[in-house]
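Peer 1: For the sequence shown, the positions run 355 to 761 when our numbering is used. For every residue, glycine included, the Cβ atom is placed at its ideal position computed from N, Cα and C. Quick caveat: nothing in here was measured; it's all calculated off a predicted structure. Right, I'll just put the structure down here and ask away after.
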Amino acid sequence: MACMEEQRAPGQWGRYRPPWRSAPGETEPHRAHWPWRTTVLLTVFVLVGTHFAAHSQPLRVPLDGYARVLLLVDSVLLLWRHRYPVAVAYGTATVTLVYLAAGYPYGPVFLTVAVGCFSAVVAGHRRAAWGAVGLLWAGHALIALWLYRWLPPSGDKGGSVYQEIGIAAWVLAIVALAELVRVRREQWARERADRAEAARRRADEERLRIARELHDVLAHSISVINVQAGMGLALLDSDPEQARTALTTIKAASKEALGEVRQVLDTLRAPGAAPRAPAPGLDRLPELVQQAAAAGLTVEIEGEPPRLPPGADLAAFRIVQEALTNVVRHSGSRHARVRVAHDGDTLRLRIDDDGPATGADAGGSGKGLAGMRERAAALGGTIEAGSRPDGGFRVLAVLPSHTREDR
Numbered sequence: 355m356a357c358m359e360e361q362r363a364p365g366q367w368g369r370y371r372p373p374w375r376s377a378p379g380e381t382e383p384h385r386a387h388w389p390w391r392t393t394v395l396l397t398v399f400v401l402v403g404t405h406f407a408a409h410s411q412p413l414r415v416p417l418d419g420y421a422r423v424l425l426l427v428d429s430v431l432l433l434w435r436h437r438y439p440v441a442v443a444y445g446t447a448t449v450t451l452v453y454l455a456a457g458y459p460y461g462p463v464f465l466t467v468a469v470g471c472f473s474a475v476v477a478g479h480r481r482a483a484w485g486a487v488g489l490l491w492a493g494h495a496l497i498a499l500w501l502y503r504w505l506p507p508s509g510d511k512g513g514s515v516y517q518e519i520g521i522a523a524w525v526l527a528i529v530a531l532a533e534l535v536r537v538r539r540e541q542w543a544r545e546r547a548d549r550a551e552a553a554r555r556r557a558d559e560e561r562l563r564i565a566r567e568l569h570d571v572l573a574h575s576i577s578v579i580n581v582q583a584g585m586g587l588a589l590l591d592s593d594p595e596q597a598r599t600a601l602t603t604i605k606a607a608s609k610e611a612l613g614e615v616r617q618v619l620d621t622l623r624a625p626g627a628a629p630r631a632p633a634p635g636l637d638r639l640p641e642l643v644q645q646a647a648a649a650g651l652t653v654e655i656e657g658e659p660p661r662l663p664p665g666a667d668l669a670a671f672r673i674v675q676e677a678l679t680n681v682v683r684h685s686g687s688r689h690a691r692v693r694v695a696h697d698g699d700t701l702r703l704r705i706d707d708d709g710p711a712t713g714a715d716a717g718g719s720g721k722g723l724a725g726m727r728e729r730a731a732a733l734g735g736t737i738e739a740g741s742r743p744d745g746g747f748r749v750l751a752v753l754p755s756h757t758r759e760d761r
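Structure follows, in structure tokens:
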């Protein structure tokens, strides 16, 4: 991901910058590489190809040492095409123009200009590429249509307008191909960046999900343990049997908490693997009632829990669990009511207590309520929580009973 961050920069490229593209005026020697192999192959091809092409052009100036130096310089310039694409594009065009003005034979010398301008376009310097090929074409047209009278070889008849139009068509084809490659590479870079962003977003969502699971499991179980521990300490001398019952409840609550935490951690260690135990759902409401009773809270259940898909069932269970935990921790009431209503594709959960609040965090801590809202929002539902007009506190959850994935 760090690599992707380095590739992003503001400017004409928008949000993403291709890895082969550097900002104007910016040099990155640690990224650019030296294309030795391709440059050597192109140099050999240009030198050998021009040598053979000269045999079929007896009217041109024969190849000599100066011509071979020009061909060699023109090809070796391509070594810098990734680091300095603009300079290489203009350099190859200028050297090629000097070679043609000297009257030497036509041949694969134009290939160096094509490669140089191609690299400039792919790197994003399309104006420089157009300027370089425009310089070469204009210079060649000037030589072929006018200056040939004073330039070697002697007796040259020059070229025609149609010949220059054909050369211009080839130039346009080369630049158009380079533009096509550049656009395609930018598209690949954006797709890679989008995939990396999606992977990071999925990882963030998974971390939030695990954090919510751990919070809900630990908050509920530790609240029960805290109440029972206080009760056990208070009754240790006066009522040892009741203290023993409290310790038994602590043992059961801690065992259940460890089991659920282990299940969450198992999914973290082996992503994508099937969980070893089924996720809790509304069918475990009786267990919540028993645990709440062990903490001194009487809970009444109204309505019959419907059969729900796993995602909605787990979210509904955790919302009820967190709401009852908040009653135990933050309400002076020892009585709560849970109403379950299922109407078509909508599940409504209402958790009421009679209050009053025992502290500033009436109805629960900010993290608990935020976790419930996140669970509901993940399914496309809503959570309303607040004080009732007649006292106490109410949590109202409205959830779709079928998510898109379930459908």
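(1) In this structure, how does DSSP classify V467 when only helix, strand and coil are distinguished?
(2) Kindly confirm or deny that the stretch 675 to 690 and the stretch 642 to 659 touch, where touching means at least three C-beta pairs closer than 8 Å.
(3) With distances taken from CA atoms, which of Y453, Y444 and L432 is nearest A421?
(4) Say the cut is 6 Å; is the CB of Y458 nearer than that to a heavy atom of the ligand GDP?
(5) Does E658 come out as helix, strand or coil in the three-state DSSP assignment?
(6) Pull up the distance between the alpha-carbon of A647 and that of G725, whole angstroms please.
(7) Quick check: what's the CA-CA separation for V535 versus L572?
(8) Determine, using beta carbons only, whether A443 and G470 come nearer to each other than 7 Å.
(9) Does the distance from the C-beta atom of D428 to that of V415 stay below 7 Å?
(10) Report the three-state DSSP secondary structure of V440 (helix, strand or coil).
(11) Since S741 is in the alpha helix (DSSP H), which residue starts that stretch and which ends it?
(12) With contact counted as at least three CB pairs below 8 Å, one residue from each stretch, are the stretch 432 to 443 and the stretch 473 to 490 in contact?
(13) Where in the stretch 506 to 583 do unbroken runs of the beta strand (DSSP E), each at least 3 residues long, occur, reported from the N-terminal end onward?
(14) Would you give the residue range spanned by the alpha helix (DSSP H) that L396 belongs to?
(15) Touch check for the stretch 695 to 711 and the stretch 737 to 752: three-plus C-beta pairs under 8 Å?
(16) Secondary structure at L413, three-state DSSP: helix, strand or coil?
Peer 2: This is what the structure gives:
(1) Working through the sequence shown from its first residue, we reach residue 467 at position 113. Note: V467 maps to helix in three-state DSSP.
(2) Cβ pair count under 8 Å is three or more, so yes.
(3) In the sequence shown, residue 421 corresponds to position 67, counting from 1. It is Y453.
(4) The ligand GDP is not among the ligands present in this structure, which contains no ligands whatsoever.
(5) The residue given as residue 658 occupies position 304 in the sequence shown. The answer is coil: DSSP assigns E658 none of H, G, I, E or B.
(6) One-based indexing of the sequence shown puts residue 647 at position 293. One-based indexing of the sequence shown puts residue 725 at position 371. Our two residues, A647 and G725, have alpha carbons roughly 24 Å apart in a direct line.
(7) Translated into positions along the sequence shown, residue 535 becomes position 181. Translated into positions along the sequence shown, residue 572 becomes position 218. Approximately 55 Å between the Cα atoms of the pair.
(8) In the sequence shown, the residue the question calls residue 443 occupies position 89. In the sequence shown, the residue the question calls residue 470 occupies position 116. In this structure, G470 lies closer than 7 Å to A443 by Cβ.
(9) Counting from 1 along the sequence shown, the entry for residue 428 is found at position 74. Counting from 1 along the sequence shown, the entry for residue 415 is found at position 61. Cβ distance not < 7 Å, so D428 and V415 don't count as in contact.
(10) Position 86 of the sequence shown, counted from the start, is the residue given in the question as residue 440. Helix.
(11) By 1-based counting over the sequence shown, the position of residue 741 is 387. Counting along the chain, S741 sits inside no alpha helix (DSSP H); it lies in the beta strand (DSSP E) bounded by residues T736 to S741.
(12) Contact between the stretch 432 to 443 and the stretch 473 to 490 is present, because at least three Cβ pairs lie under 8 Å.
(13) As for any beta strand (DSSP E) of minimum length 3 sitting wholly inside the stretch 506 to 583, there is none.
(14) In the sequence shown, the residue the question calls residue 396 occupies position 42. Element bounds for L396: W390 to H409.
(15) Yes: the two stretches touch, three or more of their Cβ pairs being nearer than 8 Å.
(16) In the sequence shown, residue 413 corresponds to position 59, counting from 1. L413 falls in the coil class under three-state DSSP.
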